[in-house]
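Worksheet for the structure shown next.
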Amino acid sequence: MRAYDIILKKRAGKELTKAELEYLISGYVSGEIPDYQLAAWAMAVFFQGMKKQEVAALTSVMADSGEQLDLSSIAGVKVDKHSTGGVGDSVTLVLAPLVAAAGVPVAKMSGRGLGHTGGTIDKLEAIPNFRTALAKQEFIDNVNRLQVAVAGQTANLAPADKKLYALRDVTATVDSIPLIASSIMSKKIAAGADKILLDVKVGNGAFMKELAEAEELARTMVEIGNNLGQETVAVISDMNQPLGKAVGNALEVKEAIETLRGEGPADLEELSLCLGAEMLKLAGRVENTKEGKAKLRELLASGAALEKFKELIRAQGGQEEVVDNPNLLATSKKRVEIKAPKSGYITEILAEEVGLAAMLLGAGRENKEATIDLAVGIVLEAKLGAKISKGDKLATLHVNEDSQLAIAKEKLENAYKIEAEQLVARNLVHQVIN
Ligand code: URA
């Protein structure tokens, strides 16, 4: 076999065999096949696409490229949850303790933020002393004892994806449905859960800008999971504005705590309940999502979910007092307000621009080596559909360092559109695919 022939075959729009994909991916991971050949192949995939069987084969080859977690020593049905990436998406911080409080084991491997999207591991590290690097046995023991653990991905989970993703990032081949689907699903499959729930974001702050594309991505991933023996459900949720109000690590932890108290933003609570109910259903704990939501609402109201969050923090060495006193979380030195330039209704909030503005303040990374400032970020004071008067507060920037403040402020101002007519409200959840 030769990499050249495989690239040529894909360029001609033909279906590759599992053996060919295995040859290509294992040769790439071992260093025998160079970056430029994989880049050419990825570009051929970008233009020619892949058949269903082919994406499933690529996914299993990538999942097999490293360690596969064995979670069989955790009792119960393990349901993993994954978001395709959004702005202000602190759902995992709410969902993990909430679902665990319902008795479903949550063994969650999470990632760090990159670019305009945040990552759960960075957010959790905003809790003083919280350890996100857990040894495999401690991770398993914690889930067995508390029903929940959230840890950073181990280095050797789907290493083929790690290398390929970095290459795609610099060769304009990230936004290809078969490549995104195989990237996400290879990591999920290697992470060893019994069932998988996907939150596929759609809108101006997501990879997928249009509903039809998001649906295709969701269906592709659901088919891969089901074909490879891990029942998978996808919820397509709206990312035409940040989720909740906070964008930034400590700010999002604070908002997640408020949500666990039942005092958080309506959209963050609604999506957490919707995804949580799907997880309970996948785990066989409830007959339908209506029953699931009712159960989860009770756990919010009784304080059981909040208590579970405290237990999670305690078990991973963090300062659990932040739950009762969120002021213990890092705060920025100053606040800068953005005011409405005119009266009307908010008809657009470009989530990606808000995410980029937060990144410029230091809340996110421009590259993998960059360090982040856990205290900074943005709080949206008004969201889509709100009626505002000239001079009302639109958002507050939480700032420590002025060097990029002017650009961040301008980005945020430009993210908002105010018009005389109110738009029809969008659904937060567009579709559930199973
Ligand atoms: N997230 C991933 O893990 N992979 C992609 O390709 C895109 C988003």
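Plus 2 on top of the position in the sequence shown (first one is 1) and you've got the numbering used here. Glycine included, each C-beta is placed from N, C-alpha and C at the ideal position. This one's a predicted model, so the numbers in the text were calculated from it and none came from an experiment.
Residue i versus residue j: straight-line alpha-carbon distance, rounded
{"i": "E24", "j": "A65", "result": "11 Å"}
{"i": "N131", "j": "K80", "result": "27 Å"}
{"i": "A77", "j": "K110", "result": "15 Å"}
{"i": "D72", "j": "G194", "result": "6 Å"}
{"i": "D201", "j": "E260", "result": "22 Å"}
{"i": "V324", "j": "Q318", "result": "14 Å"}
{"i": "V145", "j": "V101", "result": "12 Å"}
{"i": "N158", "j": "P99", "result": "26 Å"}
{"i": "E421", "j": "E354", "result": "20 Å"}
{"i": "I348", "j": "I142", "result": "46 Å"}
{"i": "L60", "j": "S184", "result": "6 Å"}
{"i": "A41", "j": "Y167", "result": "11 Å"}
{"i": "A384", "j": "K413", "result": "16 Å"}
{"i": "E257", "j": "H400", "result": "14 Å"}
{"i": "G105", "j": "K138", "result": "21 Å"}
{"i": "L301", "j": "E265", "result": "14 Å"}
{"i": "Q424", "j": "T119", "result": "28 Å"}
{"i": "L396", "j": "A410", "result": "14 Å"}
{"i": "A285", "j": "R114", "result": "27 Å"}
{"i": "E371", "j": "G320", "result": "24 Å"}
{"i": "R367", "j": "A279", "result": "33 Å"}
{"i": "R287", "j": "N416", "result": "45 Å"}
{"i": "T94", "j": "P343", "result": "35 Å"}
{"i": "D37", "j": "L169", "result": "7 Å"}
{"i": "N369", "j": "E271", "result": "31 Å"}
{"i": "A216", "j": "L262", "result": "29 Å"}
Cut-off 6 Å between Cβ atoms - residues of its own chain near residue i, not counting five sequence neighbours on either side
{"i": "A252", "result": "A128, L331, A332, L376, A377"}
{"i": "T398", "result": "R337, E339, V381"}
{"i": "M52", "result": "P180"}
{"i": "V434", "result": "V237"}
{"i": "I198", "result": "D82, K190, G227, Q232, T234"}
{"i": "R13", "result": "A46"}
Beta-carbon proximity list for residue i, same chain, < 7 Å, skipping 5 on both sides
{"i": "I27", "result": "V63, M64, S67, A162"}
{"i": "A5", "result": "L26, G29, I35, Q39"}
{"i": "G90", "result": "P244, L245, G246, A248, V249, E254"}
{"i": "N228", "result": "T234"}
{"i": "I303", "result": "Here residue 303 is Ala; the residue named in the question, Ile, does not match the sequence. Once the five neighbours on either side are set aside, the close Cβ partners of A303 are G264."}
{"i": "V31", "result": "S67, P161, A162, K165"}
{"i": "K297", "result": "A104, L282, V288"}
Secondary structure of residue i, DSSP reduced to three states
{"i": "A65", "result": "helix"}
{"i": "I315", "result": "helix"}
{"i": "R114", "result": "coil"}
{"i": "Q50", "result": "helix"}
{"i": "V235", "result": "strand"}
{"i": "R337", "result": "strand"}
{"i": "G88", "result": "coil"}
{"i": "D201", "result": "strand"}
{"i": "K83", "result": "strand"}
{"i": "A160", "result": "coil"}
{"i": "Q433", "result": "strand"}
{"i": "T349", "result": "strand"}
{"i": "V325", "result": "helix"}
{"i": "G154", "result": "strand"}
{"i": "E412", "result": "helix"}
{"i": "L399", "result": "strand"}
{"i": "L407", "result": "helix"}
{"i": "D72", "result": "coil"}
{"i": "K292", "result": "helix"}
{"i": "D2", "result": "Only positions 3 to 436 of the chain appear in this structure, which leaves residue 2 out of reach."}
Other residues of its chain near residue i: CB distance less than 8 Å, five sequence neighbours each side excluded
{"i": "R316", "result": "E322"}
{"i": "E56", "result": "E17, L18, L23, P180"}
{"i": "L148", "result": "A102, K310, E313, L314, A317"}
{"i": "S75", "result": "I142, N146"}
{"i": "A58", "result": "E225, I226, N229, L230"}
Distance between beta carbons of residue j and residue i, contact taken as under 8 Å
{"i": "A248", "j": "V381", "result": "5 Å"}
{"i": "L245", "j": "G88", "result": "6 Å"}
{"i": "I191", "j": "L136", "result": "Contact flag wrong, Cβ pair sits at about 20 Å."}
{"i": "L430", "j": "S274", "result": "Going by Cβ atoms, the distance from L430 to S274 rounds to 11 Å, so no, they are not a contact pair."}
{"i": "H432", "j": "L213", "result": "6 Å"}
{"i": "I374", "j": "A365", "result": "6 Å"}
{"i": "S188", "j": "A160", "result": "4 Å"}
{"i": "A427", "j": "G387", "result": "6 Å"}
{"i": "N402", "j": "K335", "result": "5 Å"}
{"i": "S92", "j": "K125", "result": "6 Å"}
{"i": "S345", "j": "S391", "result": "5 Å"}
{"i": "K341", "j": "D394", "result": "7 Å"}
Are there three or more Cβ pairs, one per stretch, closer than 8 Å when the region 235-247 is compared with the region 201-208?
The answer is yes - the region 201-208 touches the region 235-247, with three or more Cβ pairs under 8 Å.
For the region 174-187 against the region 42-56, do three or more pairs of beta-carbon atoms, one drawn from each stretch, fall closer than 8 Å, so that the two count as touching?
Proximity of the region 174-187 to the region 42-56 meets the contact definition, three or more beta-carbon pairs being nearer than 8 Å.
Can you confirm whether the region 287-304 touches the region 82-90 when touching is taken to mean that 3 or more C-beta pairs between the two stretches lie within less than 8 Å?
Verdict: no, contact absent.
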